[in-house]
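Visitor: Count along the sequence shown from 1, then add 56; that gives the number in our numbering.
Backbone N, C-alpha and C fix where the C-beta goes; we use that ideal spot for every residue, glycine too.
Starting off with a structure, shown below.
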Amino acid sequence: MIASLLNMIEVTRLNGKGFMLNALHIEQIESFPDTTITLANGKKFVVKENEDQLQEKIISFYRKIQVISLNQGIEEFE
Numbered sequence: 057m058i059a060s061l062l063n064m065i066e067v068t069r070l071n072g073k074g075f076m077l078n079a080l081h082i083e084q085i086e087s088f089p090d091t092t093i094t095l096a097n098g099k100k101f102v103v104k105e106n107e108d109q110l111q112e113k114i115i116s117f118y119r120k121i122q123v124i125s126l127n128q129g130i131e132e133f134e
């Protein structure tokens with residue numbers, strides 16, 4: 057159980073309920089205007105966080121598991 061939580065980021069449903077999502081399975085993030093996360097299996101989640109907040113959480117997660125170096129620059133997407 058603990059090992060699987062290490063792959064997770066915390067996000068919030070529109071009703072305010074938080075849940076953990078496996079960041080390794082995120083394929084796409086869009087705003088319609090609500091932020092929708094699409095996983096590799098096609099499952100979708102609508103969350104309160106905006107794209108920038110999710111990007112920060114995902115980058116932090118990747119740094120934590122050492123996929124991205126702490127001193128490696130991250131280019132901003134426009």
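Tell me the rounded alpha-carbon separation between Phe-101 and Val-123.
Guide: Looking at the two C-alpha atoms, the distance is approximately 24 Å.
Visitor: Closer than 7 Å by C-beta to Asn-5: which residues in its own chain qualify, once you throw out the five before and the five after it? Chain order, please.
Guide: Here the chain covers residues 57 to 134 and nothing more, so residue 5 does not appear.
Visitor: Once you ignore the five residues that flank Thr-92 on each side, which residues in its own chain have a CB closer than 6 Å to its CB?
Guide: Glu-86, Lys-100 and Val-102
Visitor: I'd like the span of the beta strand (DSSP E) that includes Ile-65, first residue to last.
Guide: 64-68
Visitor: Do you know offhand how far Ile-82's Cα is from Asn-97's?
Guide: 9 Å
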